[in-house]
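Step one of this worksheet: look at the structure below.
Numbering (the numbering used here), first residue to last: 4 to 80.
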């Protein structure tokens with residue numbers, strides 16, 4: 004759901020030339036605003052949890068490639 008909403012929001016941003024409202028996005032994805040909001044909160048929480056729990060692995064892989072002309076911050080990004 005999060006990906007579907009983000010894709011719709013990005014497409015609408017290009018077409019409208021501005022950030023779409025929640026109502027506009029909810030109509031495009033076929034969901035009411037409160038259901039979409041709840042689904043987005045779950046998606047953002049899951050994404051944050053996944054990224055937070057993976058940072059140790061990400062940093063260790065980046066450290067292995069450090070010193071090859073790319074800043075560690077860019078490798079982690």
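Heads up, the beta-carbon is just placed ideally off N, CA and C, and yes, glycines get one too.
- For residue 11, the secondary structure class from DSSP, reduced to helix, strand or coil, is helix.
- By the C-beta criterion, the stretch 50-59 is judged not to be in contact with the stretch 33-40, since fewer than 3 inter-stretch pairs fall below 8 Å.
- In this structure, DSSP gives residue 64 a helical state, which the three-state scheme calls helix.
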